[in-house]
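Peer 1: Numbering (my numbering), first residue to last: 47 to 254. Backbone N, C-alpha and C define an ideal beta-carbon position, used for all residues, glycine too. First, the structure itself, so that you have it in front of you.
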């Protein structure tokens with residue numbers, strides 16, 4: 047499971063993949079911080095083009111469940127693909143088809159070497175399309191707060207070792223628009239030979 051990720055910073059990626067105009071800022075996003083995600087347009091968004099297939103939104107990395115009292119719920123940045131459909135924090139976004147995509151230039155994971163982190167990116171330089179779930183929560187003050195979680199799955203033979211669900215480019219549209227019962231079919235391992243891993247001092251990433 048990534049400890050943080052480097053948000054995609056090139057507007058061209060959002061334009062080519064989704065036809066969206068976006069000026070993202072290059073930044074490291076950590077749990078509890080704001081990031082951008084792409085989804086199907088909200089049905090209650092009257093300002094959205096009715097023919098649009100995609101919508102970009104800012105939200106907190108750490109999904110806020112509908113039943114949350116204060117929006118400060120912890121440990122909701124990861125939704126386990128094997129059990130999210132039944133978990134209290136995630137089953138409502140799952141059954142409502144609230145799927146999203148987070149474009150990231152890289153994700154960072156804990157390294158086996160103390161004080162280091164592993165940077166994972168695509169070998170072709172294109173951004174990773176991370177699969178996620180999103181939710182809109184109404185605060186006691188009446189504000190709609192949006193948030194998301196990254197989906198993960200266990201490594202075969204080592205279920206405790208989590209992998210982020212990375213979507214193949216050809217799956218992105220289907221992932222966002224498929225029926226709910228097909229959701230799990232897209233949570234598959236990404237080809238290792240198409241990923242680059244680099245071990246870095248953790249301090250160099252925290253300073254970014």
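(1) Strictly by DSSP, which residues pair up with residue 247?
(2) Terminal residues of the continuous beta strand (DSSP E) containing residue 58?
(3) Beta-carbon within less than 8 Å of residue 170's beta-carbon, same chain only, minus the 5 sequence neighbours each way: which residues are those?
(4) Helix, strand or coil for residue 139, going by three-state DSSP, please let me know.
(5) Just curious, the beta strand (DSSP E) that residue 197 is in, first and last residue?
(6) Give every residue of the same chain whose Cβ lies closer than 8 Å to the Cβ of residue 159, excluding the five residues on either side of it in the sequence, and list them in chain order.
(7) Kindly indicate which residue of 47, 50, 62, 113 has the alpha-carbon position closest to the one of residue 216.
(8) On a CA-only basis, which of 156, 50, 75, 127 is nearest residue 145? Give me that one, please.
(9) Would you report the Cα separation of residue 142 and residue 225, rounded to the nearest angstrom?
(10) Give the single residue among 117, 180, 50 whose Cα lies nearest to the Cα of residue 189.
(11) In angstroms, rounded to a whole number, what distance separates the CA positions of residue 112 and residue 101?
(12) Rounding to the nearest angstrom, what Cα-Cα distance links residue 137 and residue 122 in this structure?
(13) Under a Cβ-count criterion, where at least 16 other Cβ atoms within 10 Å of its own Cβ denotes burial, should residue 178 be classed as buried or exposed?
(14) Straight-line CA distance for residue 71 to residue 55?
(15) Can you list, in chain order, the residues of its chain with a C-beta nearer than 8 Å to that of residue 162? Leave out the 5 residues immediately preceding and following it.
(16) Cβ atoms of residue 66 and residue 125: under 7 Å apart, would you say?
(17) Please report how far the alpha carbon of residue 75 lies from the alpha carbon of residue 195, in whole angstroms.
Peer 2: Quick look at the numbers:
(1) In the DSSP assignment, the residues bridged to residue 247 are 162.
(2) Residue 58 -> not in any beta strand (DSSP E); alpha helix (DSSP H) instead, spanning 57-64.
(3) Once the five neighbours on either side are set aside, the close Cβ partners of residue 170 are 240.
(4) The answer is helix: DSSP assigns residue 139 an H, G or I state.
(5) Unbroken beta strand (DSSP E) run through residue 197: 190-201.
(6) Residues 245 of the same chain have their beta carbon placed closer than 8 Å to that of residue 159, with the five preceding and five following residues left out of the count.
(7) Check the Cα spacing between residue 216 and each of 47, 50, 62, 113: the tightest is with 62.
(8) The candidate whose alpha carbon is nearest that of residue 145 is 127.
(9) Taking the straight line from one Cα to the other gives about 10 Å.
(10) The candidate whose alpha carbon is nearest that of residue 189 is 117.
(11) Near 21 Å, if we compare the C-alpha coordinates of residue 101 and residue 112.
(12) Near 12 Å, if we compare the C-alpha coordinates of residue 122 and residue 137.
(13) Burial call: buried.
(14) Between residue 71 and residue 55, the C-alpha separation is close to 6 Å.
(15) The residues are 245, 246, 247, 248.
(16) Contact flag unset, no.
(17) Those two C-alpha atoms are separated by around 12 Å.
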